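*Asks:* Numbering (this note's numbering), first residue to last: 25 to 382.
Submitted below is the structure of interest, expressed as structure tokens.
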Amino acid sequence: MESAPGGAVEAPMVYVVAATVPIVLLELMIDDRTVRLIPLLILLPAFPAALGTVRQTVYAVVWVLIVITAVLIYRPLPSSYDFAIFMVLAFALGVLCVATCRWRIRREEELLRVRSTAVALQRQMLRSLPILTDRVIVDGAYLPVEADRLVGGDVYEAVASPYGTRLLFGDVQGKGLPAIGAAFAMLGAFREAALREPTLTALVNDLEQAVVRHNAFAQQTGEPERFVTALVLGIDASTETQAVNCGHPPPYLLRAGPVAPVQLGDPGVPLGLADLSPEPRTVAWFPFPPGATLLSCSDGVTEARSAAGAFYPLEERMEAWANISPWEVADHLTKDLNRYTAGEHRDDITALVVRRTD
């Protein structure tokens with residue numbers, strides 16, 4: 025942060041100097057010597073301390089001390105004792121501003137390192153798009169919310185198994201390295217169970233146990249337990265696709281006609297919370313014929329809001345893009361979402377397009 029270009033480094037000083045001028049002019053124009061505005065200057069270094077660098081803050085402190093000294097020599101306080109006390113107070117507050125700025129920058133650098141590590145782990149954990157199996161092509165956009173202090177926990181995977189292609193779309197509760205740890209545990213379980221389990225419900229049960237085991241370990245190490253919303257799909261030679269929904273937003277089927285979420289019935293409880301539900305998870309079926317496109321979005325899309333607080337109108341946008349190529353959908357969506365939210369994303373943005381290859 026101290027190595028920014030010179031113009032950017034000194035930018036807060038422009039505001040400090042600009043704020044100094046009216047205060048000094050008013051101080052000199054007021055005839056009543058009992059009304060003094062010069063004490064307001066000692067607050068100005070707080071601005072670069074909160075937003076700038078240590079060097080900017082030091083410059084601001086030195087500038088304020090020089091201006092205060094000059095003004096008080098021209099228009100002195102009632103006694104030299106008052107002058108000494110005031111200058112000591114101004115210097116002490118300046119030192120406090122510098123120390124606060126230094127602490128803030130160290131904290132920001134620490135958060136940046138943690139975030140960078142989390143993003144690197146997240147990108148290594150997930151396969152690059154597109155993913156091709158014998159049944160589908162999965163493409164789209166995956167944008168971790170790196171502008172936030174800690175990245176989120178969106179995950180995806182596609183595995184070609186003896187029982188058809190198995191797809192996983194998930195979102196781990198929380199953010200940061202602990203959330204990525206839970207995502208890694210679930211992904212590892214999915215990659216193994218997708219090849220081993222003949223039914224989708226058995227596969228989801230394996231994922232449930234993986235999350236439960238991870239939570240048990242996390243509890244021993246003092247980390248909070250986490251749940252995972254997930255959508256697991258099974259695509260084989262049939263035009264009917266199997267789905268088990270564990271609290272995840274349903275996908276959209278893009279073809280001729282109005283765009284609407286796929287009807288999967290009541291969503292089940294997220295992974296890790298099966299003991300809270302008296303009903304076992306069941307498989308839903310929906311048509312996914314050749315030529316159709318399936319779009320799965322994370323809640324970073326479905327719950328995105330504008331500056332006015334309005335939710336992103338996903339279905340309206342999808343209908344407007346009915347004539348574009350399926351492979352352009354995710355790109356259009358992420359760009360439009362960025363405009364709609366003015367770039368303010370609170371969660372990972374994941375928009376995955378699934379197209380049958382058979």
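In this text, a Cβ means the ideal position worked out from N, Cα and C, and glycines have one as well.
Note that the coordinates shown come from a computational prediction; the quantities given were computed from them, not determined experimentally.
Taking the alpha helix (DSSP H) that phenylalanine 310 falls in, what are its first and last residues?
*Replies:* First-last for phenylalanine 310: 308–311, but that is the beta strand (DSSP E), not the alpha helix (DSSP H).
*Asks:* How many whole angstroms separate the CB atoms of phenylalanine 214 and glutamate 264, which I take to be in contact at a CB cut-off of 8 angstroms?
*Replies:* Not a contact, Cβ separation roughly 22 angstroms.
*Asks:* Which term fits threonine 223, buried or exposed, when burial requires 16 or more other beta carbons within 10 angstroms of its beta carbon?
*Replies:* exposed
*Asks:* From glutamine 244 to alanine 203, what does the alpha carbon distance come to, in whole angstroms?
*Replies:* 16 angstroms
*Asks:* Can you tell me which of the three DSSP states alanine 171 falls into?
*Replies:* Residue confidence for alanine 171 is low, a pLDDT of 48 falling below 50, so the modelled location carries little weight; the figure read from the coordinates is stated next. Three-state result, alanine 171: coil.
*Asks:* When burial is assigned at 16 or more other CB atoms within 10 Å of the CB, is glycine 333 buried or exposed?
*Replies:* exposed
*Asks:* Inspect the CB distances between the region 289–298 and the region 310–317 and report whether three or more fall short of 8 angstroms.
*Replies:* Flag = no, the region 289–298 and the region 310–317 do not touch.
*Asks:* Sorted by chain position, which residues of the same chain lie with C-beta nearer than 7 angstroms to leucine 52's C-beta, five sequence neighbours on each side aside?
*Replies:* Once the five neighbours on either side are set aside, the close Cβ partners of leucine 52 are Arg99.
*Asks:* So, for alanine 217: in the same chain, excluding its five sequence neighbours on each side, which residues have a beta-carbon less than 6 angstroms away from its beta-carbon?
*Replies:* Leu227 and Asp230
*Asks:* Straight-line CA distance for glycine 271 to asparagine 347?
*Replies:* 31 angstroms
*Asks:* Within 10 angstroms of its Cβ, does arginine 173 collect 16 or more other Cβ (buried), or is it exposed?
*Replies:* Legend: pLDDT at arginine 173 = 47, less than 50; position of this residue unreliable, no value from coordinates given.
*Asks:* Just tell me which of Arg190, Gly164, Asp106 and Val286 has its CA closest to the CA of leucine 357.
*Replies:* Gly164
*Asks:* Measure the alpha-carbon distance for valine 119 versus isoleucine 54 and round it to whole angstroms.
*Replies:* 30 angstroms
*Asks:* So, helix, strand or coil for threonine 223, using DSSP?
*Replies:* DSSP, reduced to helix, strand and coil, places threonine 223 outside both helices and strands of the structure shown, so it counts as coil.
*Asks:* Should leucine 68 and alanine 94 be called a contact, given that it needs their Cβ atoms to be closer than 8 angstroms?
*Replies:* no
*Asks:* Consult DSSP for glutamine 243 and reduce its assignment to one of helix, strand or coil.
*Replies:* Reduced to three states, the DSSP call for glutamine 243 is helix.
*Asks:* What residues in its chain sit with their C-beta under 8 angstroms from that of threonine 317, if we drop five residues either side in the sequence?
*Replies:* Excluding residues within five positions, the ones whose Cβ falls inside 8 angstroms are Leu277, Leu278, Arg279, Pro350, Val353, Val377, Val378 and Arg379.
*Asks:* Taking the beta carbon of alanine 171 as the centre, do at least 16 other beta carbons fall within 10 Å, making it buried, or is it exposed?
*Replies:* Low confidence applies here, because alanine 171 scores a pLDDT of 48, under 50, leaving its location unreliable and the question unanswered by this model.
*Asks:* Which term fits aspartate 158, buried or exposed, when burial requires 16 or more other beta carbons within 10 angstroms of its beta carbon?
*Replies:* exposed
*Asks:* Here's a check: name, in chain order, each residue in its chain whose Cβ is nearer than 7 angstroms to the Cβ of serine 330, leaving out the five neighbours to either side.
*Replies:* Tyr364 and Thr365
*Asks:* Can isoleucine 259 and glycine 188 be called in contact, C-beta distance under 8 angstroms?
*Replies:* yes
*Asks:* Would you please state the rounded distance, in angstroms, between the beta carbons of histidine 238 and alanine 206? I believe it to be under 8 angstroms.
*Replies:* 5 angstroms
*Asks:* Might you give, ordered along the chain, the residues of its own chain that have their beta carbon closer than 6 angstroms to the beta carbon of alanine 209, omitting 5 neighbours on each side?
*Replies:* Ala234 and His238
*Asks:* In chain order, what are the residue ranges of uninterrupted alpha helix (DSSP H) at least 4 long that sit wholly in the region 40–105?
*Replies:* 70–75 and 78–98
*Asks:* Distance, Cα to Cα, valine 325 vs leucine 96?
*Replies:* Valine 325 and leucine 96: Cα-Cα distance of roughly 58 angstroms.
*Asks:* Would you say cysteine 321 faces chain C, with C-beta separation under 8 angstroms as the test?
*Replies:* Considering every chain present, this structure includes no chain C. It has just one protein chain.
*Asks:* Please work out which residues of its chain come closer than 8 angstroms, Cβ to Cβ, to leucine 101, disregarding the five sequence neighbours upstream and downstream, and give them in chain order.
*Replies:* Arg60, Phe107 and Phe110
*Asks:* Tell me the rounded alpha-carbon separation between leucine 297 and aspartate 382.
*Replies:* 36 angstroms
*Asks:* How far does the alpha helix (DSSP H) with glutamate 339 in it reach, from first residue to last?
*Replies:* 338–344
*Asks:* Pull up the distance between the alpha-carbon of glutamate 368 and that of tyrosine 83, whole angstroms please.
*Replies:* 32 angstroms
*Asks:* DSSP puts phenylalanine 335 in a beta bridge; with which residues?
*Replies:* Arg329
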